[in-house]
Structure formats: structure tokens, C-alpha cells
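Protein chains: 2
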Amino acid sequence: MNEEMWDVIVVGGGPAGLTTAIMCANRMLKTLVLEGGKWGGLPATMYPNKVIPNYPGFPEGITGIELVRRWLRHVRDNPYVTMKRERVVKIEKGGIVKTEDNEYHGKTVVIATGTRPRELGIPGEAMFNRADKGVYYYVTHREKFIDNVVLVVGGGDTAVDAALDLVDLAREIYIIHRRDRFRAMDENVKKMEESKNINIMLNTELEEIRGKDKVEEVVLLNNKTGEKKVLKVDKVILAVGLKPNTEMFTELGVKTDDRGFIITDSYQRTNVEGVFAVGDIVKGAFRLLIVGAAHGAIASQKIYEYIRKPYWAGEDEK
Amino acid sequence: MNEEMWDVIVVGGGPAGLTTAIMCANRMLKTLVLEGGKWGGLPATMYPNKVIPNYPGFPEGITGIELVRRWLRHVRDNPYVTMKRERVVKIEKGGIVKTEDNEYHGKTVVIATGTRPRELGIPGEAMFNRADKGVYYYVTHREKFIDNVVLVVGGGDTAVDAALDLVDLAREIYIIHRRDRFRAMDENVKKMEESKNINIMLNTELEEIRGKDKVEEVVLLNNKTGEKKVLKVDKVILAVGLKPNTEMFTELGVKTDDRGFIITDSYQRTNVEGVFAVGDIVKGAFRLLIVGAAHGAIASQKIYEYIRKPYWAGEDEK
Chain R
1 MNEEMWDVIV
11 VGGGPAGLTT
21 AIMCANRMLK
31 TLVLEGGKWG
41 GLPATMYPNK
51 VIPNYPGFPE
61 GITGIELVRR
71 WLRHVRDNPY
81 VTMKRERVVK
91 IEKGGIVKTE
101 DNEYHGKTVV
111 IATGTRPREL
121 GIPGEAMFNR
131 ADKGVYYYVT
141 HREKFIDNVV
151 LVVGGGDTAV
161 DAALDLVDLA
171 REIYIIHRRD
181 RFRAMDENVK
191 KMEESKNINI
201 MLNTELEEIR
211 GKDKVEEVVL
221 LNNKTGEKKV
231 LKVDKVILAV
241 GLKPNTEMFT
251 ELGVKTDDRG
261 FIITDSYQRT
271 NVEGVFAVGD
281 IVKGAFRLLI
291 VGAAHGAIAS
301 QKIYEYIRKP
311 YWAGEDEK
Chain D
1001 MNEEMWDVIV
1011 VGGGPAGLTT
1021 AIMCANRMLK
1031 TLVLEGGKWG
1041 GLPATMYPNK
1051 VIPNYPGFPE
1061 GITGIELVRR
1071 WLRHVRDNPY
1081 VTMKRERVVK
1091 IEKGGIVKTE
1101 DNEYHGKTVV
1111 IATGTRPREL
1121 GIPGEAMFNR
1131 ADKGVYYYVT
1141 HREKFIDNVV
1151 LVVGGGDTAV
1161 DAALDLVDLA
1171 REIYIIHRRD
1181 RFRAMDENVK
1191 KMEESKNINI
1201 MLNTELEEIR
1211 GKDKVEEVVL
1221 LNNKTGEKKV
1231 LKVDKVILAV
1241 GLKPNTEMFT
1251 ELGVKTDDRG
1261 FIITDSYQRT
1271 NVEGVFAVGD
1281 IVKGAFRLLI
1291 VGAAHGAIAS
1301 QKIYEYIRKP
1311 YWAGEDEK
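Now the structure itself:
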């Protein structure tokens, strides 16, 4: 047990968590950031080399990995911020945060645990979704897809971006979506439609993934006609949405919607005193980097008010 | 009259207005941005050379003017964005926006009019607040203050930043605040206290500014003791807060608080259909660049949903 008292414990070192730390340090609050995986969250893991076109301030675009590098420069060597690579297993009332090996105490806790790719739960998925056996949830190493036949599943930005990302590398790309139109950015859907080796199949679902040691074929269902079809493919990318990382706060009593996203007020406060939530774990958060960053800024101000109680605390809420 | 129909008319070319345009362009919405003054809003006018320490992505800090330059690069030459230097005089229901010379029609309107420095309303202020006669609301040209005796009025970040900004240039700086402690960032208050030529006077108010052709002296009141004091000064900087730019939407019927800040839902929608508000004009907006930028991102998504009506519109609000 660690008896040190932190002003703020940030659970999660993704964009929103790091921004919260940047802003709390700026306000001279003693801040601990805990991250069990990679620093930088989804932009660092799911799309490190993707150019983010609309982060204001980078008109030529910026890659996820470069943004993460910049955020880390904000907090590293900052005397108010301590960063530890430890997986949080439980957050308890009273500012207690338990990791696999330690227990930390904070005056406030910020939940910045974000989301992870959702599994589809179909036959074959669990068999092949590890050790490069052919099922992926995002593209990190593009070179693995060279000259492959690739099936992308999903209709949102992640799916469409994955297809476009591989267009020059893969031999043939199939993208299927269960609905009759995509929800991704119009501009990118258009690019996809104009591309020569992307085959678009709407109203189509993935039923099964088959193969011996690795993915060999998939079974597709047209949900309008009921027709089934077997397609030979080398790789499958499942981009069917994200689910919230809720495991560490299920017993804390924070209000969530029925999918597990945390409900906050417009100041990032949860219903539990001293507990805040920022970034993609927040209901209705839009999953945009710039929004997560703003959450961090807002939360830090309210944390400052909560801890330091200046005369102007809550003035903006009148 | 101009019969062209815009998807979005953004009123105001400050940070939040420009970000809204960046994000709307990204969604292929035909966007008109109207600005009567300088592009870039307060960071461009009030603190062009101030280093902003906490805009995530710029760990070494970035000046207001450089951020504005980068935002403008996002939108200039973008086929979806048209920028016009015209002062908006009235916004009417049905997406009608009137400037001094023209009338524009939009499917949606985004109010991004921001704030401007508040006047104190004391004797002498109106006489000297123009043509470099000695009363300022912010510091732009620091060289004007070389070897001067300067009075700064205010207790927030703008006041403290102004004092710190001049510390090496002015002969003597007095900073007065009507309360018994500052509300600016602790770190900067500390810097100010440690500085040799900044004199801090709390519980002190400015009653009058005197002089012939330019500022010569000020009358100060200690609001605890009732004692008055005349001080010889060359310049006065009034940093006593900001007030919302509301003139162009008083008759539109958007709900505001009693100071004029617009009340929106968490998706930047006002109570008037098709009218959104972003940035510092929004009640409780924290006046941070990163928050204004996030407003732009959020508004653009809801504008897209409002105009294009995709099947997933409003899904995140459930």
C-alpha cells in the first residue's frame, strides 16, 4: 500500500487522460496517470500511422503516433505529473485506485479508460483473432496485407479507413456492411466507390470464418435476399464498433447508459463525488481527439475548484 | 440580396468559428464564414504574441498568432469554405444573416461571435481609451510600455498575464484587484509575487483616470479602509473581464443567461431550430481554445445530421 495522497489519479493514458494530466499540471495539481497498455490509447494502437485530417492546429494533418509523441512531451519531465505503467483493476469510493500490485489514494479520480474494438462473436473469430492467424480489429502493420484478399466488415469510419488504407497494397478488398448505406464520412465513401480494387457489398453480414491454421474463407449472408455466399479470403478486418472499458469501475456506482458509457454533467463530473470521466468512455462523446482534449481541460478546472475551493468556484455554473 | 443557399453560415471568424468551418468542410458542407474584424478572434487581437502553454499538441507552447495562422491554413483554399470580411448586423429566423451590405441564406447558422473586453465605466476611461492616449484593454504592442509606469486593473488571467508580459519593459507596474486574492492561475500569481517591479495592491479599486491629453494619474480606493490614493502613471490596462457580443442576435429569440451568454444543449444547439452556438459566446464555455475547437467539432456533426439526415442521426443521444 502506498500512503501518498495524490490530487488527481487519472485512470488511462490515452488522449483524454494525457490531456487531463497536461491541464492539471498546468494548475499545479499533483497528478498520477496509470496506464496498463500503450501510452496514447487508440490513436497509438489502432491507427498510429493514419493521418488525422481535422485536429485544429495541424492543417496538413498529423499522424496518431506523432500526436501522442507531442502529448507525452507535454507531461514528461513535468514536476507535477507521475506516469506509471500499471493496469488498474478496481476503482473504489473515496479515491482508492487498485492496480495489480499497488493501491493509490487520490482526492479525485478521473476515468479515462476509453473503448476497445468490439468482437463480432461469430464462429471462427476466436480461433483466428490472435498471432496473425488472419482476423484483425484494425490495421497496424500494413505490410502484412500485401497482395492479400481482404474482407473488411463494418460501415463506419474505421472500416472505410481500413479499406482505403490498404487499397494500394491488397490484391482485392471486399467491404461488407449490414445496412444499405455507409455511415462513414461521405468523402471517404466516395473515394472507396471510385477505387478499382474495393468491392462494396451492402446489406451483407459475416456469418462464419473458416480455415485450418489460418483464415481461408468466409461465409456471407445477404440479409435482404437471404442468399449465402462463400468467399476465399486471406485476412478479415472486423471494424464493427467499439465497446467501453468498464471492468474497473463496475462496482463504483457511477451512472452509465445501458452500454456502459458513463453519464457526466457538462463539467465531466459523474454522480459519484470526486469522480470525473473524460474521453470516449463518456456517453455522447463523439470519439474525436479534439473533444477528448477539451474534456481534459474542463475536468481539470472543476478538479481544481473541487480541491482548492477558490472563491470563484462554481461561478460559471450560475 | 444573395439567393445562394449555404449549408452553414458561421458568424464569427475566431477560434471556434474557424474550427466549425474546418470540421464542416471535412463533412463536405458548403460553409460561409463571416467576420467583421480580424480573423482569429481574441487570440489574434488581445494576445497575438502570448505563448499558449496548454493547447494539446504543442508541448513547447504556441503563440496565438501562429495558432490562428494554422487554423486559417485549414480553411483557405478549401473548396467547401468561403470566407468574407463582412460585419454581421442581424441574424433572423429561417437562416437569414444580414451584413452591412448583403443578405445571406443558410440551412443552419452557427453563432461564434465570442466576447470583447468589458469597459469599467469610470470617469476618464472614455477620454483616453483610444489613439494611444494611455488606456488599454490588452497589450498588443509591448514596446509602447517601455520605461513606463503601468497600472493593471483586474485579478484574472488576462490581468496577471499583462503584468507579467511587461515585467522586463515597464519601469514600475502596479496591479490592483478589488478582492483579497487573485483568481488567475496560481503559478502566475506566484511569479508575479516574486517579481521585483510588480506592486500588488489587493482590495483596491480604480475610481478615476486623470490627465490633460493623455493619462497622467489615477485615483485608487482601498475598499476595506476607505482610503483614497493618487498615483502617477503613464498607462492603464483594464483587464476586468469580457462581455458577450450579442448585438446581432438580440431579436432572434435564442435563450441566454442574464449576461447574454447563449444557453445550448451538450450538442451546441440553441433553442432556435437550425441555430447553433460555439466558443466563448456559450454559457459555461470556460474560454479555452481547446474547448472552442471541440464545440466546432461537435456542432459540425449535429449540423451534418440536421441537413443530411443520415439513418444514424441522433443515435448518440439515446
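Those sequence lines, one after another, are chains R and D.
Using our numbering, the letters of the first sequence correspond one by one to residues 1 to 318.
Using our numbering, the letters of the second sequence correspond one by one to residues 1001 to 1318.
Backbone N, C-alpha and C define an ideal beta-carbon position, used for all residues, glycine too.
| Item | Value |
| --- | --- |
| Length of the line joining the Cα atoms of residue 83(R) and residue 48(R) | 21 Å |
| Within 8 Å, strictly: CB atoms of residue 151(R) and residue 218(R) | yes |
| Residue 312(R) (DSSP reduced to helix, strand or coil) | coil |
| The stretch 122–137 of chain R touching the stretch 231–238 of chain R, judged by at least three CB pairs closer than 8 Å | yes |
| Residue 290(R) at chain D interface by Cβ criterion, 8 Å | yes |
| Under 9 Å (Cβ pairs) to chain D, residues found in the stretch 49–60 of chain R | 53, 54, 55, 56, 57, 58, 59 and 60 |
| Rounded separation between residue 32(R) and residue 248(R) - CA only | 17 Å |
| Where residue 1136(D) falls: helix, strand or coil (DSSP) | strand |
| Interface partners of residue 1286(D) on chain R, CB under 8 Å | 297, 298, 301 and 316 |
| Partners in chain D for residue 67(R), counting only beta-carbon separations shorter than 8 Å | 1057 |
| Proximity test, residue 1127(D) beta-carbon vs the ligand ATP heavy atom, cut-off 7 Å | This structure lacks the ligand ATP; in fact it carries no ligand of any kind. |
| Contact residues within the stretch 1018–1052 of chain D, judged by C-beta distance below 7 Å to chain R | 1019, 1022, 1023, 1026, 1027 and 1028 |
| Neighbour flag for residue 1311(D) against chain R, beta carbons, 8 Å | yes |
| Residues within the stretch 1162–1180 of chain D neighbouring chain R, beta-carbon criterion of under 9 Å | 1179 and 1180 |
| Whole-angstrom C-beta distance between residue 1317(D) and residue 292(R), which should lie under 8 Å | Rounded, the Cβ-Cβ distance is 19 Å, inconsistent with contact. |
| Min CB distance residue 1112(D) to chain R below 8 Å | no |
| Chain-ordered chain R contacts of residue 1183(D) [CB-CB under 8 Å] | 310, 311 and 312 |
| In chain order, each beta strand (DSSP E) run of at least 3 residues that lies wholly inside the stretch 1071–1104 of chain D | 1081–1084, 1088–1092 and 1096–1099 |
| Cβ-based neighbour list, residue 1202(D), same chain, cut-off 6 Å, excluding 5 preceding and 5 following | 1177 and 1180 |
| Beta-carbon proximity list for residue 1183(D), same chain, < 7 Å, skipping 5 on both sides | 1155 and 1156 |
| Any chain R beta carbon closer than 8 Å to residue 1195(D) | no |
| C-beta neighbour in chain D for residue 71(R), strict 8 Å | yes |
| Closer than 8 Å at the beta carbon, the chain R residues around residue 1319(D) | The shown model of chain D, from 1001 to 1318, leaves out residue 1319(D), and the question about it has no answer. |
| C-beta atoms of residue 1106(D) and residue 1006(D) nearer than 8 Å | yes |
| Interface partners of residue 159(R) on chain D, CB under 9 Å | Neighbours of residue 159(R) on chain D: none; closest Cβ ~14 Å, over 9 Å. |
| Identified DSSP bridge partners for residue 227(R) | Beta-bridge pairing links residue 227(R) to no other residue. |
| Under 8 Å between C-beta atoms of residue 1086(D) and residue 1102(D) | yes |
| Segment contact, 8 Å Cβ cut-off, at least three pairs: the stretch 107–118 of chain R with the stretch 266–286 of chain R | yes |
| Element boundaries [alpha helix (DSSP H), containing residue 126(R)] | 125–128 |
| Alpha-carbon to alpha-carbon, residue 1036(D) and residue 1138(D) | 20 Å |
| CA-to-CA distance, residue 298(R) to residue 1074(D), given in whole angstroms | 25 Å |
| Selected residue, minimal CA-CA separation from residue 1070(D), among 1265(D), 1025(D), 1099(D) and 1019(D) | 1019(D) |
| Within 8 Å, strictly: CB atoms of residue 104(R) and residue 29(R) | no |
| Terminal residues of the alpha helix (DSSP H) in which residue 160(R) lies | 157–165 |
| Straight-line gap, residue 62(R) to residue 1057(D) (C-alpha atoms, nearest Å) | 10 Å |
| Inter-residue spacing [alpha-carbon to alpha-carbon] between residue 130(R) and residue 1027(D) | 35 Å |
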